[in-house]
Structure formats: structure tokens, C-alpha cells
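Worksheet: one structure, shown below.
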Amino acid sequence: MSYIKSLKFFCFFTWWITFFVAFSATNAQTLTDSLRKEIHLGIDETINNQFSKAEIRFRRLIARYPEHPAGYFYTGATIQAEILDREDYARQQEFDDLMEKTVQTAEALYDSLQNDPWLYFLEGSAHLYRSFMSSKRGKSWAAYRNATRGVNRLEKSLAIDSTFFDAYMGVGSYKYWKSSKTKGLSWLPFVSDDREKGIRMVNTSIENGEFVSSFGKDQLAWIYIDAGRMEDAEELALQNCHRYPESRFFKWTLVEIYFRSKQFDRAYQLYQELLDTVRSIDGNNHYNETDCLLKMAEIDVQRGDFLLAEKKLDELLAITVPEAMQQRLEKRYKRARELKKHCRNELAKSE
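Those letters in the sequence shown? Residues 396 to 746, per the numbering used here, in order.
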């Protein structure tokens, strides 16, 4: 996985942490207890895949506080969460506009609120969201530029308040992933290995931060996957799934752990659960559906059940998708055809 692609994990994590952290800034300056309650409800709705409900709640913040970045960020973050959950980019421009508005409104408040770490946190997170979406579209330079800018803003928030433990998560995560993807260059004097430091910062944030327990654990699980610490990753992922049993976000993390650690029975069962769920989504574009079918077929092959694997592959290859989606699924279809050929060869041997 390239460094730019690894930004996926960092920016996906930042989506979670900012949901939980950013509202404290607006609450300290403008939000009432009733609005704080609304934000908590919106967070839970987003975690549980109820994106429309969450978006309605967060758009109320824009209406009530049009000069503060929080409402724009929350709404954009909710849209991005739905984009990632559905793998449907029809609302990309709307997301871009909201992140730009987040940056603009944060910058407009710096003169009057120079020592507010939350403004830097919100602006930095908006840049990181941009970075992730740029990387998804293959815009590597834009992704790198926005990631660097975003982390710079997070570090400014820590310079203002070194006990801002929630921000440790973002900086620590960035340090880990950057070092992980450049570890082959660690012999160079200007390339440091900050993986352990990054893990320590993430752990510190989970232990001492206000709002990052569940989503810090999700990010740390992905770090542990990368580091080969699969048992540690599984423990964290299970904690999240038990707390939020309806959340697809956490299930994707857990099923990845099961698959990579060759716990095929558990992985197969969870892929089937996810498959049933994504097929029921209105406007299902089949991206996640084909992923589940291919992974289940891979498991069937590992088990030696070539007939069942071929059935799953036939289901996958029979799905009709738009031309644009065909391009995105090209490698997946190629792998499916290769597996099907392998299954037929194995079945022919037993005849």
C-alpha cells in the first residue's frame, strides 16, 4: 500500500475523532446544553448508519450559527460518512463546498479567537478530509498537500494547549502511518521512524481524551493490523462492535481482521451479514456487495469448496453495474474470473 493510500486510515479516523471533539469548541462559546444533546444524538445516528437523520440535525447548527465552522464541518463529515459507507460519490461537490466553508469560517475567527485550539482543530480536520477524498480520486499531490496542512493545524492546537489529549490522536496516527509507509527509507537522516511514538500518542488520547474511546480504538485496530498485532486489533474491534452492534463501520474493521488472520468461519459469517445489509440499502451500487461476494469466494476456495466458490463468483459476475462502476471494479472482476477458472480446474480433477 502506498503512502498516499495509507492516508485512508488516518483521514477515516479523523472523521470519527472530530465528530466527538469539535462540538466542545462550539459548546464553550455558543452552544446550549440542548444543542449539545442534539449533537450527541447526531453522532449516534451517524455511527448507526442513519445519515439522513444526522444531517438534518447538523444542518440546524448552520442555521443557528452561520459564522462558526462547526455546522459546516458536521454536515460535510456526515455526507462523507455516507459517501464512504455507500461508495457513491454523487455528493462529492457538496462535500467539497462544505469543507471549503469550514476553512473559511475558521480563518475568519482567528483574529478574535487566536488562542482557541478548537478552531485550528476544525480547520485541520477539514484539510484532512480533503486529503482523503483527493487520494480516492488519484490526486496524490493534492492529498499530500492537504494532509500536511491539516496536521500542521492540529499541531498548532497542541501548541496552544498541550493537554488537548484528543488532538494527540490525529498527530499520533499521522506519525505512525507516515513512518510505516516510508520505513524502507528510515536509513536516510531526514526520515525518522515514529511508529512507536505514534502508537503511544494514540493510546494517550484514548486513555485521557474526552470523546475518542470507541473511535480511537478503531484507528488503533487498523494500526495494529498494519503492525501484525492481530490479537490486539481483534480485541479493540470486538469492543466497538459490542457497543455499536448496528454499525457497519466497525464491522468492516472486524471482518478485515478475521480475514487477514485466517479466521475464515468468523469472517464468512460476518461477510454474509454485511452482504445482506448492503443489499438492502436503497440505491445499492453493488461496490460493497461485490467485495463481500469475492471475499466469501476466496474463503470457499481456501476451504476447498470449489462448487460453492463458483456459485458466489457467478453471482458477482452476473451483477450489472454502470460503466463508471465497471472501471472501479475492473480488478475485482479480473480476480473473480481467475478464481472461477481455478475452481473449474479443481472441479474437473474430481470428475
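Even for Gly, the Cβ is constructed at its ideal location relative to N, Cα and C.
Nothing here was measured: the structure is a model prediction, and the numbers come from that model.
| Item | Value |
| --- | --- |
| Short Cβ contact (8 Å threshold) for K707 with F654 | no |
| Collapsed DSSP secondary structure at G565 in the structure displayed | helix |
| Proximity of G519 and L493 at Cβ, strictly below 8 Å | no |
| Other residues of its chain near L504: CB distance less than 8 Å, five sequence neighbours each side excluded | E462, H463, P464, D511 and L514 |
| Outcome for H637 when other beta-carbon atoms lying within 10 angstroms are tallied against a minimum of 16 | exposed |
| Proximity of F446 and G471 at Cβ, strictly below 8 Å | no |
| Contact between the segment 557-573 and the segment 592-604 (3+ Cβ pairs under 8 Å) | yes |
| Same chain only: Cβ atoms within 6 Å of A632, ignoring 5 sequence neighbours per side | A616, T648, L649 and I652 |
| Cα-Cα separation, E641 to L669 | 11 Å |
| Spatial distance of A731 from S608 (CA atoms) | 38 Å |
| D506 (DSSP reduced to helix, strand or coil) | coil |
| Anticipated Cβ contact below 8 Å, I451 with Y467, distance rounded | Not quite, the Cβ-Cβ distance comes to about 15 Å (not below 8 Å), so this is no contact. |
| Cα-Cα separation, G567 to A692 | 37 Å |
| Which listed residue (Q614, K729, R454 and D483) has its alpha carbon closest to that of A719 | D483 |
| Collapsed DSSP secondary structure at F559 in the structure displayed | coil |
| Collapsed DSSP secondary structure at S642 in the structure displayed | coil |
| Endpoints, alpha helix (DSSP H) assigned at P512 | P512 to K531 |
| Reduced DSSP secondary structure (H/G/I, E/B, other) of G623 | coil |
| CA-to-CA distance, A713 to Y469, given in whole angstroms | 38 Å |
| C-alpha distance - K735 paired with K729, whole-angstrom precision | 10 Å |
| Backbone secondary structure at L456 - three-state DSSP | helix |
| Cβ-Cβ separation, S529 to N541 (assumed contact under 8 Å), whole Å | 6 Å |
| Start-to-end residues for the alpha helix (DSSP H) that takes in H737 | E725 to K744 |
| Residues near T685 in its chain [Cβ-Cβ closer than 7 Å; skip 5 each side] | L711, I714, L724 and R727 |
| Cut-off 7 Å between Cβ atoms - residues of its own chain near L742, not counting five sequence neighbours on either side | F701 and L702 |
| 8 Å Cβ shell around K646 - same chain, five flanking residues per side excluded | C636, L665, E668 and L669 |
| 6 Å CB neighbourhood of E629 in its chain, flanking five on each side removed | I652 |
| Span separating the alpha-carbon of K551 from that of N740 | 60 Å |
| I438 versus F453: straight-line alpha-carbon distance, rounded | 10 Å |
| Cβ-based neighbour list, V696, same chain, cut-off 8 Å, excluding 5 preceding and 5 following | A704, L734, H737 and C738 |
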